[in-house]
Amino acid sequence: ATKDPYINAIPKVELHVHIEGIISADLKWKFSQRNGQPIINPRTGRAFSSLEELRDSHNTLKPSIGNRMNNSEETLSFFEAYYGGFEALKTQQDYYDLAMDYYEHAAAMNVRYAEIFFDPQGHTRFGASWETMMQGFREAQQKAEQALHVRSGWIMCFLRDESPESAMEHYNAALQYRDMIVGIGLDSNEVDRPPSLFEEVFLRARKDGFRLTAHCDVGKPYPLEHIHQVVSTMAGGGTDRIDHGLNAAGDPDLVNLIKEKDLGMTICPWSYIRHQPLDEVFERIRALFDAGIRITIASDDPAFMEDTWVQENLLVAKKYCNFTNSEIQRLAQNAINESWVSEDVKNRLL
Ligand code: HPA
Ligand code: ZN
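Numbering (the UniProt record's numbering), first residue to last: 22 to 371.
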């Protein structure tokens, strides 16, 4: 729990967390030991020899307040460390344990409902089968609902640094698990990968009745054109939510457009502290909120930051944006309103 009783107590909905973003060094080590599979350091080509060494490589990634990430030669980049976690997952039990790890954290934070991202392409490229992956997730999802009273749905993300053809293949394969999947998203490395590259598969998903969202402008200033596409042209008229998009705050036309379309934005403060000056991050979050945009606060990749889950993200937003408790309550309510669960369940979340 955080030091803030109000934040601890309020019922929460989380709309932006990557299941692979909770793979800590400890979880990675647990899976790799259990499966008898070494974890290779991509910088040296050698296996990590101890949990401590693996923890250190993760720690170099972590931002701290006022101290932005330093991408030196020895430091694994976020994506190197992140995709290293996928390789450790082998069995249905691994997928189950991973998802249960999130659900247990969620229950302890009074999270009542979560929409959880997963990146199937990152798993199939290491040889995982859809069945291993989805049955592990499904079993955990059911257990969490019954035993922990945490409900959830899955958002399947395409890796934007993979090809649009690969996205379409994975889309087709996922259809047999469509009862678990509430929406479609887009993530991974944004450099030179505008959302429009994935227009065909997004349009198809729209026609098939999926809700849509896309990561854009993850803290670092990528072209605002990416946000523009997500807001107004993707899938023939824009997605249903935006993930991140923080730097829209610096463009009054974009702010107006997001407002006009009444789009929710998932905002993950700890992710931006990695890349962008602290003052700027919180001024922009505050500006989006004050403009009346329905932002929600979420955690993104807790294991790759300072073990910062949704409650720690709410805490840092409260502190540096000077949100009052009633404003925190509004942020929590935004997450319920912006979620893709049925109206019937929505009304029972609080
Ligand atoms: N950025 C982009 N894609 C991601 C991230 C991130 O921080 N985490 C998981 N997928
Ligand atoms: Zn994300």
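Beta carbons are placed, not taken as given, at the ideal position from N, Cα and C, and that holds for glycine.
Residue i beta carbon near ligand 2 (any heavy atom closer than 8 Å)
| i | result |
| --- | --- |
| Phe99 | no |
| His144 | no |
| Ser292 | yes |
| Val302 | no |
| His265 | yes |
First through last residue of the alpha helix (DSSP H) which encompasses residue i
| i | result |
| --- | --- |
| Thr112 | No alpha helix (DSSP H) contains Thr112, which DSSP labels as neither H nor E. |
| Gly157 | 151-164 |
| Val203 | From DSSP, Val203 is part of no alpha helix (DSSP H) but of the beta strand (DSSP E) over 202-208. |
| Lys282 | It is not in any alpha helix (DSSP H) - Lys282 carries neither H nor E in the DSSP assignment. |
| His191 | 185-195 |
| Gln350 | 346-359 |
| Lys24 | Taken as a continuous stretch (DSSP letters only), Lys24 belongs to no alpha helix (DSSP H), as it is neither H nor E. |
| Leu213 | Reading off the sequence, residue 213 comes out as Asp, not Leu. Premise fails: Asp213 is in no alpha helix (DSSP H) and is neither H nor E. |
| Leu309 | 299-311 |
Residue interval of the beta strand (DSSP E) (run including residue i)
| i | result |
| --- | --- |
| Gly174 | 172-180 |
| Glu249 | First, the residue type needs correcting, since residue 249 is His and not Glu in the sequence shown. Not the beta strand (DSSP E): His249 falls in the alpha helix (DSSP H), residues 245-249. |
| Phe139 | 132-139 |
beta-carbon residue i near ligand 1 non-hydrogen atom, thresh 8 Å
| i | result |
| --- | --- |
| Val337 | no |
| residue 401 | Outside the displayed span of the chain (22 to 371) sits residue 401, for which this structure offers no information. |
| Asn268 | no |
| Phe138 | yes |
| Cys342 | no |
| Gly42 | yes |
| Asn210 | yes |
| His39 | yes |
| Asp200 | no |
Contacts around residue i, its chain only, beta-carbon distance under 6 Å, and the 5 residues preceding and following it disregarded
| i | result |
| --- | --- |
| residue 420 | Residue 420 is absent from the model: the chain starts at 22 and stops at 371. |
| residue 6 | Summary: the structure shown does not reach residue 6, with the chain confined to residues 22 through 371, and so no result is reported for it. |
| Ala46 | Leu75, Arg76, His79 |
| Ala128 | Leu169, Val171 |
| Arg305 | Leu267, Ala270 |
Beta-carbon proximity list for residue i, same chain, < 7 Å, skipping 5 on both sides
| i | result |
| --- | --- |
| Pro185 | Leu218, Phe219, Glu221, Val222 |
| Ala312 | Val276, Lys280 |
| Arg232 | Val203, Gly204, Asp261, Trp361 |
| Tyr124 | Ala161, Ala165, Leu169, Val171 |
Classification of residue i by the beta-carbon crowding that lies within 10 angstroms, buried from 16 upward
| i | result |
| --- | --- |
| Asn334 | buried |
| Ser320 | buried |
| Asn193 | exposed |
| Asp77 | exposed |
| Asp213 | exposed |
| Asn355 | buried |
| Phe138 | buried |
| Lys228 | exposed |
Strand pairing of residue i, partner residues [DSSP]
| i | result |
| --- | --- |
| His265 | Cys237 |
| Thr317 | Thr287 |
| His39 | Phe138 |
| Ile61 | Ala68 |
Residue i at chain C interface by Cβ criterion, 9 Å
| i | result |
| --- | --- |
| Ala270 | Among the chains in the structure shown there is no chain C, since it carries only a single protein chain. |
Own chain, CB closer than 8 Å to residue i, minus 5 neighbours either side, in chain order
| i | result |
| --- | --- |
| Trp151 | Pro141, Thr145, Ala194, Ala195, Gln197, Tyr198 |
| Phe158 | Ile40, Tyr116, Tyr117, Ala120, Phe139, Trp175, Met201 |
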